[in-house]
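What follows is a short report on a single structure.
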Amino acid sequence: MPTLFRLLSALPLWLLHAIGAALGWVVFCLSPTYRRRFVGNAAGAGYTLADVRAAVGHAGRMVAEAPRLWSARALPPCEMRNAECVERAWAAGRGVVFLTPHIGCFELSVQATAQRWSPVHGPITILYRPARQPWLARVMATARNRPGIQAVPTTLQGVRQLIKALRRGEAVGLLPDQVPPQGLGVWSPFFGRPAYTMTLAARLAQQTGAAVVLARCERLPRGRGYTLHFEDMREQPLAPELDAAVLQINQAMEHLIRQSPGQYLWGYARYKSPRGERHTGPQHQEGGA
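Residue numbers (full-length UniProt numbering): 1 to 289.
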(Lines of atoms letter the chains of each structure in order from A and count residues from 1; the text may use other names and numbers.)
(Lines give C-alpha, C1' and ligand atoms only; values in the text may rest on other atoms or scores of the structure.)
Protein backbone atom coordinates (compact mmCIF):
# COMPACT_ATOMS: atom_id res chain seq x y z
CA MET A 1 0.00 0.00 0.00
CA PRO A 2 2.75 2.58 0.70
CA THR A 3 4.08 2.00 -2.84
CA LEU A 4 0.63 2.64 -4.31
CA PHE A 5 0.37 5.72 -2.12
CA ARG A 6 3.63 7.10 -3.50
CA LEU A 7 2.57 6.37 -7.07
CA LEU A 8 -0.74 8.16 -6.59
CA SER A 9 1.01 11.17 -5.06
CA ALA A 10 2.91 11.65 -8.32
CA LEU A 11 -0.20 11.83 -10.51
CA PRO A 12 -1.52 15.21 -11.70
CA LEU A 13 -4.42 16.63 -9.75
CA TRP A 14 -6.85 16.43 -12.67
CA LEU A 15 -6.25 12.70 -13.01
CA LEU A 16 -6.56 12.08 -9.27
CA HIS A 17 -9.88 13.92 -9.28
CA ALA A 18 -11.12 11.92 -12.27
CA ILE A 19 -10.20 8.65 -10.52
CA GLY A 20 -11.75 9.90 -7.29
CA ALA A 21 -15.03 10.88 -8.92
CA ALA A 22 -15.38 7.40 -10.39
CA LEU A 23 -14.53 5.87 -7.01
CA GLY A 24 -17.17 8.00 -5.32
CA TRP A 25 -19.88 6.73 -7.64
CA VAL A 26 -18.76 3.12 -7.30
CA VAL A 27 -19.09 3.32 -3.51
CA PHE A 28 -22.42 5.12 -3.78
CA CYS A 29 -23.85 2.44 -6.07
CA LEU A 30 -22.47 -0.56 -4.19
CA SER A 31 -23.25 0.49 -0.60
CA PRO A 32 -26.97 0.76 0.24
CA THR A 33 -26.18 1.95 3.78
CA TYR A 34 -23.96 4.77 2.58
CA ARG A 35 -26.46 5.70 -0.14
CA ARG A 36 -29.39 5.87 2.30
CA ARG A 37 -27.39 8.01 4.74
CA PHE A 38 -26.21 10.33 1.95
CA VAL A 39 -29.71 10.84 0.53
CA GLY A 40 -31.29 11.10 3.99
CA ASN A 41 -28.84 13.69 5.29
CA ALA A 42 -29.22 15.79 2.16
CA ALA A 43 -33.01 15.56 2.31
CA GLY A 44 -32.94 16.72 5.93
CA ALA A 45 -31.20 19.87 4.74
CA GLY A 46 -33.76 20.39 1.99
CA TYR A 47 -31.82 18.95 -0.97
CA THR A 48 -32.75 16.22 -3.42
CA LEU A 49 -30.17 13.86 -4.85
CA ALA A 50 -30.32 15.85 -8.08
CA ASP A 51 -29.38 18.98 -6.12
CA VAL A 52 -26.26 17.46 -4.58
CA ARG A 53 -25.31 14.66 -6.97
CA ALA A 54 -21.93 16.35 -7.49
CA ALA A 55 -21.14 15.57 -3.85
CA VAL A 56 -20.99 11.85 -4.72
CA GLY A 57 -17.96 12.45 -6.90
CA HIS A 58 -16.42 14.96 -4.51
CA ALA A 59 -16.41 12.40 -1.72
CA GLY A 60 -14.22 10.23 -3.93
CA ARG A 61 -12.04 13.18 -4.92
CA MET A 62 -11.34 13.80 -1.23
CA VAL A 63 -9.88 10.29 -0.94
CA ALA A 64 -7.97 10.38 -4.22
CA GLU A 65 -6.31 13.75 -3.59
CA ALA A 66 -5.02 12.76 -0.13
CA PRO A 67 -1.76 11.16 -1.36
CA ARG A 68 -0.92 14.33 -3.29
CA LEU A 69 -1.69 16.63 -0.37
CA TRP A 70 0.11 14.51 2.22
CA SER A 71 3.22 13.70 0.19
CA ALA A 72 3.90 16.59 -2.18
CA ARG A 73 6.43 19.21 -1.18
CA ALA A 74 4.54 21.96 -3.01
CA LEU A 75 0.86 22.61 -2.47
CA PRO A 76 -1.51 22.72 -5.47
CA PRO A 77 -2.75 26.15 -6.62
CA CYS A 78 -4.99 27.71 -3.96
CA GLU A 79 -6.42 31.21 -4.26
CA MET A 80 -7.54 32.86 -1.01
CA ARG A 81 -10.68 34.97 -0.80
CA ASN A 82 -11.35 37.51 1.97
CA ALA A 83 -7.99 36.95 3.66
CA GLU A 84 -8.52 40.39 5.19
CA CYS A 85 -10.75 38.89 7.87
CA VAL A 86 -7.88 36.60 8.91
CA GLU A 87 -5.56 39.60 9.16
CA ARG A 88 -8.11 41.34 11.39
CA ALA A 89 -8.30 38.25 13.59
CA TRP A 90 -4.52 38.20 14.01
CA ALA A 91 -4.50 41.92 14.75
CA ALA A 92 -6.80 41.37 17.74
CA GLY A 93 -3.93 39.50 19.39
CA ARG A 94 -6.00 36.83 21.13
CA GLY A 95 -5.34 33.88 18.84
CA VAL A 96 -7.54 32.47 16.07
CA VAL A 97 -9.90 29.49 15.98
CA PHE A 98 -10.33 28.30 12.39
CA LEU A 99 -13.50 26.27 11.84
CA THR A 100 -14.43 24.31 8.73
CA PRO A 101 -16.98 21.55 8.14
CA HIS A 102 -16.39 18.36 6.13
CA ILE A 103 -16.62 20.26 2.88
CA GLY A 104 -14.37 20.49 -0.15
CA CYS A 105 -10.69 19.99 0.57
CA PHE A 106 -10.58 20.65 4.30
CA GLU A 107 -7.11 19.08 4.43
CA LEU A 108 -5.80 21.90 2.27
CA SER A 109 -7.55 24.54 4.39
CA VAL A 110 -5.05 24.15 7.21
CA GLN A 111 -2.04 23.54 4.95
CA ALA A 112 -2.58 26.66 2.85
CA THR A 113 -3.40 28.77 5.91
CA ALA A 114 -0.27 27.58 7.69
CA GLN A 115 1.88 28.24 4.65
CA ARG A 116 0.74 31.85 4.51
CA TRP A 117 0.56 32.89 8.18
CA SER A 118 2.57 30.47 10.32
CA PRO A 119 5.98 32.02 9.49
CA VAL A 120 4.79 35.18 11.24
CA HIS A 121 2.24 33.98 13.81
CA GLY A 122 3.49 30.52 14.73
CA PRO A 123 2.10 27.06 13.95
CA ILE A 124 -1.55 26.12 13.65
CA THR A 125 -2.38 23.41 16.20
CA ILE A 126 -4.83 20.69 15.20
CA LEU A 127 -6.19 17.60 16.93
CA TYR A 128 -5.01 14.31 15.49
CA ARG A 129 -6.17 10.71 15.92
CA PRO A 130 -3.61 8.21 14.49
CA ALA A 131 -4.85 5.66 11.98
CA ARG A 132 -5.01 2.02 13.03
CA GLN A 133 -2.88 0.79 10.14
CA PRO A 134 0.80 1.33 11.02
CA TRP A 135 1.83 2.42 7.50
CA LEU A 136 -1.04 4.91 7.28
CA ALA A 137 -0.33 6.20 10.77
CA ARG A 138 3.26 6.94 9.73
CA VAL A 139 2.15 8.71 6.56
CA MET A 140 -0.46 10.77 8.38
CA ALA A 141 1.94 11.72 11.16
CA THR A 142 4.35 13.09 8.58
CA ALA A 143 1.60 14.83 6.61
CA ARG A 144 -0.16 16.38 9.58
CA ASN A 145 3.07 17.69 11.11
CA ARG A 146 4.09 19.71 8.07
CA PRO A 147 5.95 23.01 8.50
CA GLY A 148 3.65 25.43 10.28
CA ILE A 149 1.30 22.72 11.58
CA GLN A 150 1.43 21.13 15.02
CA ALA A 151 -0.71 18.01 15.41
CA VAL A 152 -1.62 17.03 18.98
CA PRO A 153 -3.42 13.89 20.24
CA THR A 154 -7.16 13.78 20.83
CA THR A 155 -6.65 13.61 24.59
CA LEU A 156 -6.99 15.97 27.53
CA GLN A 157 -3.32 16.83 27.09
CA GLY A 158 -3.99 17.66 23.46
CA VAL A 159 -6.85 19.99 24.42
CA ARG A 160 -4.55 21.73 26.91
CA GLN A 161 -2.07 22.29 24.12
CA LEU A 162 -4.82 23.93 22.04
CA ILE A 163 -5.56 26.32 24.88
CA LYS A 164 -1.88 27.10 25.38
CA ALA A 165 -1.48 27.82 21.66
CA LEU A 166 -4.36 30.31 21.72
CA ARG A 167 -3.01 32.01 24.83
CA ARG A 168 0.29 32.45 23.00
CA GLY A 169 -1.65 34.25 20.28
CA GLU A 170 -1.39 31.36 17.81
CA ALA A 171 -4.13 29.52 15.92
CA VAL A 172 -5.98 26.21 16.16
CA GLY A 173 -8.06 24.39 13.56
CA LEU A 174 -11.13 22.22 14.15
CA LEU A 175 -13.86 20.35 12.27
CA PRO A 176 -16.85 21.20 14.51
CA ASP A 177 -19.27 18.96 12.62
CA GLN A 178 -17.29 15.88 13.70
CA VAL A 179 -19.14 13.72 16.24
CA PRO A 180 -17.18 13.78 19.53
CA PRO A 181 -16.99 10.95 22.08
CA GLN A 182 -19.65 10.76 24.78
CA GLY A 183 -19.26 13.48 27.37
CA LEU A 184 -17.52 15.88 25.00
CA GLY A 185 -20.57 17.36 23.35
CA VAL A 186 -24.20 18.42 23.61
CA TRP A 187 -27.23 17.68 21.47
CA SER A 188 -27.83 20.67 19.22
CA PRO A 189 -29.88 21.20 16.03
CA PHE A 190 -28.02 20.74 12.76
CA PHE A 191 -30.19 21.35 9.71
CA GLY A 192 -33.17 21.06 12.06
CA ARG A 193 -32.26 17.65 13.47
CA PRO A 194 -30.59 16.94 16.86
CA ALA A 195 -26.92 16.13 16.34
CA TYR A 196 -24.34 15.39 19.02
CA THR A 197 -22.00 18.36 18.63
CA MET A 198 -18.59 19.09 20.12
CA THR A 199 -18.38 21.83 22.73
CA LEU A 200 -14.62 22.20 22.29
CA ALA A 201 -14.76 24.85 19.56
CA ALA A 202 -17.08 27.08 21.58
CA ARG A 203 -15.16 26.56 24.82
CA LEU A 204 -11.83 27.44 23.23
CA ALA A 205 -13.19 30.74 21.93
CA GLN A 206 -15.03 31.54 25.17
CA GLN A 207 -12.12 30.74 27.50
CA THR A 208 -9.42 32.54 25.50
CA GLY A 209 -11.27 35.33 23.71
CA ALA A 210 -9.82 34.09 20.41
CA ALA A 211 -11.30 35.29 17.14
CA VAL A 212 -13.37 32.73 15.21
CA VAL A 213 -12.75 32.46 11.47
CA LEU A 214 -14.80 30.24 9.15
CA ALA A 215 -13.04 28.50 6.26
CA ARG A 216 -14.28 26.67 3.17
CA CYS A 217 -11.85 25.21 0.63
CA GLU A 218 -13.63 24.72 -2.69
CA ARG A 219 -12.32 22.41 -5.44
CA LEU A 220 -12.18 23.95 -8.88
CA PRO A 221 -13.24 21.99 -11.99
CA ARG A 222 -10.83 19.82 -13.97
CA GLY A 223 -8.12 19.81 -11.31
CA ARG A 224 -7.33 23.52 -11.72
CA GLY A 225 -6.77 23.92 -8.00
CA TYR A 226 -8.77 25.33 -5.11
CA THR A 227 -10.30 28.50 -3.72
CA LEU A 228 -10.07 29.00 0.05
CA HIS A 229 -12.85 31.26 1.35
CA PHE A 230 -12.68 32.94 4.77
CA GLU A 231 -15.41 34.58 6.84
CA ASP A 232 -15.45 35.88 10.38
CA MET A 233 -18.14 35.86 13.06
CA ARG A 234 -17.58 39.44 14.21
CA GLU A 235 -21.14 40.51 13.43
CA GLN A 236 -22.49 37.79 15.73
CA PRO A 237 -20.07 37.08 18.60
CA LEU A 238 -20.42 33.74 20.35
CA ALA A 239 -22.97 33.75 23.16
CA PRO A 240 -21.61 33.30 26.71
CA GLU A 241 -23.98 30.35 27.28
CA LEU A 242 -22.41 27.12 26.03
CA ASP A 243 -25.51 25.60 24.42
CA ALA A 244 -26.26 28.85 22.59
CA ALA A 245 -22.65 29.13 21.38
CA VAL A 246 -22.67 25.54 20.10
CA LEU A 247 -25.90 26.24 18.22
CA GLN A 248 -24.31 29.36 16.66
CA ILE A 249 -21.39 27.27 15.43
CA ASN A 250 -23.74 24.66 13.96
CA GLN A 251 -25.61 27.44 12.16
CA ALA A 252 -22.30 28.82 10.87
CA MET A 253 -21.44 25.37 9.50
CA GLU A 254 -24.85 25.17 7.83
CA HIS A 255 -24.14 28.57 6.25
CA LEU A 256 -20.84 27.33 4.79
CA ILE A 257 -22.38 24.10 3.53
CA ARG A 258 -25.22 25.90 1.77
CA GLN A 259 -22.67 27.92 -0.20
CA SER A 260 -21.44 24.76 -1.94
CA PRO A 261 -23.69 21.81 -1.02
CA GLY A 262 -22.28 19.83 -3.94
CA GLN A 263 -18.97 19.47 -2.08
CA TYR A 264 -20.19 18.49 1.40
CA LEU A 265 -19.75 14.95 2.72
CA TRP A 266 -23.44 14.12 2.99
CA GLY A 267 -22.51 10.49 3.57
CA TYR A 268 -20.83 11.34 6.90
CA ALA A 269 -22.69 9.82 9.87
CA ARG A 270 -23.39 13.21 11.41
CA TYR A 271 -26.39 12.08 13.45
CA LYS A 272 -24.92 8.96 15.03
CA SER A 273 -24.75 8.40 18.77
CA PRO A 274 -21.42 9.25 20.39
CA ARG A 275 -19.16 6.39 21.36
CA GLY A 276 -20.32 4.88 24.63
CA GLU A 277 -23.93 6.08 24.35
CA ARG A 278 -26.73 3.75 23.27
CA HIS A 279 -29.50 6.25 22.82
CA THR A 280 -29.75 9.43 20.80
CA GLY A 281 -31.77 12.50 21.44
CA PRO A 282 -31.54 15.95 22.97
CA GLN A 283 -32.71 14.64 26.34
CA HIS A 284 -29.38 12.79 26.76
CA GLN A 285 -27.17 15.85 27.03
CA GLU A 286 -23.68 15.54 28.37
CA GLY A 287 -21.17 17.94 29.83
CA GLY A 288 -18.73 19.89 27.73
CA ALA A 289 -15.27 19.18 26.53
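The beta carbon of each residue, even a glycine, is placed where N, CA and C say it ideally should be. Everything numeric in this text was worked out from a predicted model, so none of it was measured.
| Check | Outcome |
| --- | --- |
| Option nearest P274 by Cα separation, candidates D177, T227, L265, R222 | D177 |
| Cβ-based burial, G60 [other Cβ within 10 Å; buried from 16] | buried |
| The stretch 98-106 contacting the stretch 248-263, beta-carbon criterion three pairs below 8 Å | yes |
| Within 8 Å, strictly: CB atoms of I149 and I163 | no |
| Alpha-carbon spacing of V213 relative to R160, whole angstroms | 21 Å |
| Among V86, C78, A55, nearest to W25 - alpha-carbon criterion | A55 |
| Other residues of its chain near E231: CB distance less than 6 Å, five sequence neighbours each side excluded | L214 |
| C-beta atoms of I249 and V172 nearer than 8 Å | no |
| Contact the stretch 222-229 vs the stretch 10-24: 3+ CB pairs below 8 Å | yes |
| Assigned secondary structure, Q115 (DSSP; H/G/I helix, E/B strand, else coil) | helix |
| DSSP-derived helix/strand/coil call for F5 | helix |
| Paired residues, beta bridge with D232 - DSSP | V213 |
| 7 Å Cβ shell around M198 - same chain, five flanking residues per side excluded | P176, Q178, P180, L184, G185, A289 |
| Pick from G104, D243, V63 that is closest to L23, judged by C-alpha positions | V63 |
| Inter-residue CB distance, G95 and E218 (contact presumed, cutoff 8 Å) | 26 Å between Cβ atoms; not a contact. |
| A202 and L242 closer than 8 Å at C-beta | yes |
| Simplified DSSP assignment, three categories, for R94 | coil |
| Sequence-distant residues of the same chain with beta carbon closer than 6 Å to F190, five excluded per side | N250 |
| Identity of the residue in M80, A239, V86 nearest L220 by Cα | M80 |
| Distance, R193 Cα to K272 Cα | 11 Å |
| Where F191 falls: helix, strand or coil (DSSP) | coil |
| Reduced DSSP category for Q150 - H, G, I as helix; E, B as strand; rest coil | strand |
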